[in-house]
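Going by UniProt numbering, the first residue of the sequence shown is number 1, and it counts up by one from there.
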Amino acid sequence: GQRQRVMIAMSIANNPDLLIADEPTTALDVTVQLQILKLIKNLQKKLNMAILFISHDLTVVKHLADHICIMKDGIIVENNTKENIFFNPQHEYTKKLVNFQNKKKNNKTLGSKKILEVNKLKVWYPIKKGILRRVVDHVKAVDSINLTLFKNQTLGIVGESGSGKTSLVLALLKLISFKGDVIFNEKHISTISNNKLHNLRKDMQIIFQDPFSSLSPRMTIEEIISEGLNIHEKHLTLPDKKNKIKQIMNEVGLDFETIYNRFPHEFSGGQRQRIAIARALILNPKLLILDEPTSSLDVTIQSQILDLLNSLQKKYQLSYIFISHDMKIINSVADYVIVLKEGKIVEEGNTNSIFEKPQNNYTKELLQSVI
1 GQRQRVMIAM
11 SIANNPDLLI
21 ADEPTTALDV
31 TVQLQILKLI
41 KNLQKKLNMA
51 ILFISHDLTV
61 VKHLADHICI
71 MKDGIIVENN
81 TKENIFFNPQ
91 HEYTKKLVNF
101 QNKKKNNKTL
111 GSKKILEVNK
121 LKVWYPIKKG
131 ILRRVVDHVK
141 AVDSINLTLF
151 KNQTLGIVGE
161 SGSGKTSLVL
171 ALLKLISFKG
181 DVIFNEKHIS
191 TISNNKLHNL
201 RKDMQIIFQD
211 PFSSLSPRMT
221 IEEIISEGLN
231 IHEKHLTLPD
241 KKNKIKQIMN
251 EVGLDFETIY
261 NRFPHEFSGG
271 QRQRIAIARA
281 LILNPKLLIL
291 DEPTSSLDVT
301 IQSQILDLLN
311 SLQKKYQLSY
321 IFISHDMKII
331 NSVADYVIVL
341 KEGKIVEEGN
351 TNSIFEKPQN
361 NYTKELLQSV
371 I
C-alpha cells in the first residue's frame, strides 16, 4: 500500500490531464485497497484529471468508474454507463462477469473425522540487536492459535498482510520451527521423525498464489506434474505413471497429448493454476492448502478455478485451508472462517455468522472495506 502511494505520487507530480491506473489495487489487502481507491478519487477531484482505470475486478471498477468498457479477446464487447453495465448487461460475457460478483457457496455435508487439530501454536521470530546479536524481543507472527479442520470442510483464513497467515501455513507444513501441537491425520507433526514426516507430506499439499512463479520454467508440464510421483511413488512403472498423469490432467481440464511436452511460459495464468492443482492432486492428498490461489487471475478464470476446486472437493472428499484477503471469495467458498490479526484469532465462526453478524471490530472493518 505504501509503495503504491509512492507510485501515485510519481505519476501525479506533473499534474497530468490523464492518469492511467493499470490494476493498481490487485495485490492489496481489502482495507488498503479501499484507502488507495479513496486517494485516487480525492486526487481526481483536486487535480481535475481524467482516469483510465484498468482492472479484472468489476467491484473495484464499479466503485470508481462513471463509464465502463468490457473487453474480451482484444475487442470491446460492451460499452456503457456503470448503471447499465451492472443492472442491464447485454453481452453474455458481461453477464458472466456481473453474475460472478454475486456467487454464493453451495451447502454441503461435512465429515465428522478431524483431519487437522492445532493447539496453542506459536511462531515467534527473534529480534536481535547489538554486536553480540542478543535476542531482545520477538515478533509474534502466530501467537497461541487453536483450530480444527474436518474431512470435506473448507476453512477460510482472512487477515491483512502481516496478520500471520503465511507463518501459520508454513508451521502447519512443518517448513518452519514452531511451538505447540499440530495433529494431522492422528499423527503429531511436532514430534514425528523425519522419515515418517516424509511419508506424511504426500497427504498435505499446497497451491501457491502466483502461477507465474510457482512452476519451474525449465521443466515440461509432464515433469512438473510427475515430480511428486518420482519422490513418493518410485515403484510405479513408466506406463502406470503416464496413465496417472493423463488421468489427473483430464480431471483439471487439461489435454495431456497437446501440452505434456510444453513449458509453463506457453500458458495463461488460469492454465498454469490448473497445472499447479494437478501437481498437488496427483498424490491423492487429504489436505490441500490454497494460498490466495485466484488473486492474480481474471474474474471469469477465478470463477472457473473455484468451480474446479469445488467439484474436486466433492469427488475426493478433500479438506481445504483457503487463505485470502478477498472477503467475497471467502464468503463463496468457506464453511468456517478464522479472522487473524497480529498473529491472534480475533474472531471465528460459521461463514454466515461471520459475514452477517460479526462481533469483533476488526472483522467489521474488513467487511466494511469490501467494495
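Just so it is clear, CB atoms sit at the ideal spot from N, CA and C, and this is done for glycine as well.
Fair warning: this is a prediction, and the values are worked out from it, not measured in the lab.
Query, Result
"If you run the structure through DSSP and keep just helix, strand and coil, what is F53?", "strand"
"Between the Cα of Q271 and those of M249, L288, K286, spot the shortest distance and give me the residue it belongs to.", "M249"
"Please name the residue in I189, A13, F208 whose C-alpha comes closest to that of I115.", "I189"
"Closer than 7 Å by C-beta to Q304: which residues in its own chain qualify, once you throw out the five before and the five after it? Chain order, please.", "G270"
"Given this structure, state the Cα-to-Cα distance separating E342 from D255, to the nearest angstrom.", "44 Å"
"Out of N48, K62, K151, which has the shortest C-alpha to C-alpha gap to Y316?", "K151"
"How about L47 and N15: do their beta carbons lie closer than 8 Å?", "yes"
"Determine the closest residue to T26 out of S296, K41, R3, with distance taken between C-alpha atoms.", "S296"
"If you draw a straight line from the C-alpha of K290 to the C-alpha of K41, how long is it?", "This sequence places Leu at residue 290; Lys is not what is there. Their backbone Cα atoms lie some 33 Å apart in a straight line."
"Please report how far the alpha carbon of K231 lies from the alpha carbon of L283, in whole angstroms.", "Checking the sequence, you will find Ile at residue 231 rather than Lys. If I take the Cα positions, the gap works out to 10 Å."
"Determine the DSSP secondary structure at V252, reduced to helix, strand or coil.", "coil"
"Can you check which of these residues, W124, T59, N243, is closest to S226 by C-alpha distance?", "N243"
"Which whole-angstrom value is the C-beta distance of M49 and D17, which I expect to be below 8 Å?", "6 Å"
"Nearest to V339 by alpha carbon, out of V333, E347, R218?", "E347"
"What does D326 pair with, by DSSP beta-bridge criteria?", "The partner list for D326 (beta bridge, DSSP) is empty, contrary to what the question assumes."
"As an exercise, report each continuous alpha helix (DSSP H) stretch of at least 4 residues that is fully enclosed by the stretch 7-69, in chain order.", "30-47, 58-64"
"So, are the CB atoms of residue 407 and T148 less than 8 Å apart?", "Residue coverage of the chain in this structure runs from 1 to 371, which leaves residue 407 outside it and unanswerable."
"Tell me which same chain residues have a C-beta within less than 6 Å of the C-beta of K128, skipping the five on either side of it?", "V135"
"If you measure between the beta carbons of F184 and L121, is that distance less than 8 Å?", "no"
"Can you say whether H198 is buried or exposed, counting buried as having 16 or more other CB atoms within 10 angstroms of its CB?", "exposed"
"For Q44 and S213, I'd like the C-alpha separation in whole angstroms.", "35 Å"
"State the beta-bridge partners of E83 as determined by DSSP.", "Answer is none; E83 lacks a bridge partner."
"Return the chain-ordered list of same chain residues with a C-beta closer than 6 Å to the C-beta of S163, the five sequence neighbours on each side being excluded.", "L340, K341"
"Would you check if the distance between the CB atom of S167 and the CB atom of I157 is smaller than 8 Å?", "no"
"Are the CB atoms of I206 and A280 within a distance shorter than 8 Å?", "yes"
"Below 8 Å CB to CB, which residues in the same chain sit around Y93 once its five sequence neighbours on both sides are set aside?", "I70, K72, V77, E78, T300"
"Which word fits P24, buried or exposed, when buried means at least 16 other C-beta atoms lie within 10 angstroms of its C-beta?", "buried"
"State the DSSP-derived secondary structure class of E78, mapped to helix, strand or coil.", "strand"
"Tell me whether F203 sits in a helix, a strand or coil according to DSSP, three-state version.", "Residue 203 is actually Asp in this sequence, not Phe. DSSP places D203 in helix when its eight states are reduced to three."
"Between which two residues does the alpha helix (DSSP H) containing L172 stretch?", "165-172"
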